[in-house]
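Just so you know, we're using the numbering used here here: the sequence shown kicks off at 1 and counts up by one.
Don't be surprised by glycine CBs; every beta carbon is placed ideally from N, CA and C.
Just below is one structure, and these are the notes that go with it.
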Amino acid sequence: MSVIRQHLIDPEICIRCNTCEETCPVEGAIEHDENNYVVNADICNYCMKCIAPCPTGAIDNWRTVKTPYPLVEQYGWDELPDEQEISDTEVTSSAEQAKEVEANTILAVAHSGEGQVLPPFSAAHPFINIYTRENPAIARVVGNYRITEPDSTSDIHHIILDFGTTTFPVLEGQCIGVVPPGEDARGKPHQMRLYSVASPRDGERPNHNNLSLTVKRVVTEENGITTRGVASNYLCDLERGDTVQVTGAFGSTFLMPNHPEANLITICTGTGSAPFRAMTERRRRKRKHGDPGKIWLFFGARTRGELPYFGPLQKLPDSLIRKDLCFSRERDQPKEYVQDRMLTCADELAEWLRNEHTYVFLCGLKSMEVGVEAAFQKICDDHGMDWQELRRQMRVAGRYHVETY
Ligand SMILES: Cc1cc2nc3c(=O)[nH]c(=O)nc-3n(C[C@H](O)[C@H](O)[C@H](O)COP(=O)(O)OP(=O)(O)OC[C@H]3O[C@@H](n4cnc5c(N)ncnc54)[C@H](O)[C@@H]3O)c2cc1C
Ligand code: SF4
Ligand code: SF4
């Protein structure tokens, strides 16, 4: 009898973000309907390209099965089935045993990190998926402030959640899940949404069991119809004392390096600044006089008024963080995007990229990826470096990280 190690997606923690389907190089291996994301066992070739980009880890699930679960069955799941009992005697032929060993070897190699994005070597061990939809942590809102100018079109809030006596470990760079109350148009409970943690591991306020989020209120207008994003509007409208169901934490690679030599190039737009606020504050709290590592921030927004944390950011000393803020719609000023500013700093960026302690983090709108990639390519071309090879090396060394949404 033949057994296979089937690749499956955990419907309980999948946030239906489509990242895996976009990433998978095998046409049709991942598909979705209104309910679930699923993997087609007939087509998936265990290449593992979908594993690291998945923000929740929902995609990293495996079951040894005699007959693969068909797509139609996976679409109906609310949770993953338990591992089946398969005894050694049921795996009769040595050829089949060899196949099973081979599949497990592929998985072991893939999980060992070859070809995958890894966390920085000095990152702390992250705890993930401790709280689930079935068993969420309950947090209390202790602060909710708008952090963009009142007259700007971008409504971004700094929200502080307190966990009371519940242990909720997070690291800089991780996300949490928020489960909005109520049901969607199909009468199903709302899916959870992910939000990056904007405070360091020891709390928004040092040694307090709390964390902060940077949330943009999503409102879209199409054909005269206004649609308000479910979770972001729920969060931005919360009042002090309200409670929130929280899952996670999530993320095991986009993590802050902890060694003092680490240089961080952080590139973001809008709420993509959240993890960098966490990392910068962690560095501020922990750095010792003479520590060599530096932080460099490229931060893009349409205008000053739309840039979250504009005021507090100005007050951070250059010795802690170099700030390159770029605006694409500021009156009486030429349009400038983060990639434009990167090119004007090309010589220094090339020098940073040559340093084996430099880590690149990119977070924010998906649309910035192409421009930033082109800027790194040009900087390397002009400075005698092979960007494609450097980026590959940085990825496997846990030094190049992208989180866009
Ligand atoms: C790893 C990760 C980290 C993230 N971190 C952050 C963060 O730090 N801060 C942050 O603000 N966001 C973050 N996000 C994005 C966040 O998870 C949500 O996707 C975002 O807040 C929108 O969720 P929502 O429920 O408000 O919108 P949704 O209700 O999910 O709507 C999404 C879009 O679809 C449109 N839409 C919805 N229903 C309809 C309809 N019936 N007809 C037409 N259009 C419709 C909405 O107008 C909106 O444009 C992150 C995402 C990921 C994957
Ligand atoms: S392992 Fe490879 S083929 Fe399979 S679903 Fe993931 S990306 Fe696609
Ligand atoms: S959460 Fe992971 S499994 Fe779910 S759609 Fe996103 S990338 Fe795919």
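- At a cut-off of 8 Å, the beta-carbon of residue 154 does not count as near ligand 1: no heavy atom of the ligand is closer than that.
- Distance from the C-beta of residue 218 to the nearest heavy atom of ligand 1 is below 8 Å.
- The Cβ-Cβ distance between residue 64 and residue 43 does not fall below 9 Å.
- A distance criterion of 8 Å places the beta-carbon of residue 355 beyond contact range of ligand 1, judged by its closest non-hydrogen atom.
- The residue among 249, 366, 350, 299 with its C-alpha nearest the C-alpha of residue 387 is 350.
- Closest in C-alpha terms to residue 117, from the list 129, 48, 12, 160, comes 48.
- Taking 8 Å as the cut-off, one finds no heavy atom of ligand 2 near enough to the beta carbon of residue 278.
- Taken through DSSP and simplified to helix, strand or coil, residue 194 comes out as strand.
- Under the DSSP definition of a beta bridge, residue 405 lacks any partner.
- In the structure shown, residue 213 adopts extended strand secondary structure according to DSSP, grouped into three states.
- Ranked by Cα distance from residue 321, the first of 333, 303, 299 is 299.
- For residue 15, no beta strand (DSSP E) encloses it, and the DSSP letter there is neither H nor E.
- For a cut-off of 8 Å, the C-beta gap from residue 378 to residue 343 is around 6 Å, short enough to register as a contact.
- Rounded to whole angstroms, the Cβ separation of residue 15 and residue 194 is 6 Å, and the two are in contact under 8 Å.
- Distance from residue 240 to residue 355 at the Cβ level is roughly 45 Å; contact not present, criterion being Cβ atoms closer than 8 Å.
- Selection 169, 252, 175 evaluated against residue 207 yields 169 as nearest (Cα-Cα).
- Distance from residue 265 to residue 360 at the Cβ level is roughly 5 Å; contact confirmed, criterion being Cβ atoms closer than 8 Å.
- The Cβ atoms of residue 162 and residue 178 lie no closer than 9 Å to each other.
- Assigned with DSSP and collapsed to three states, residue 376 falls in helix.
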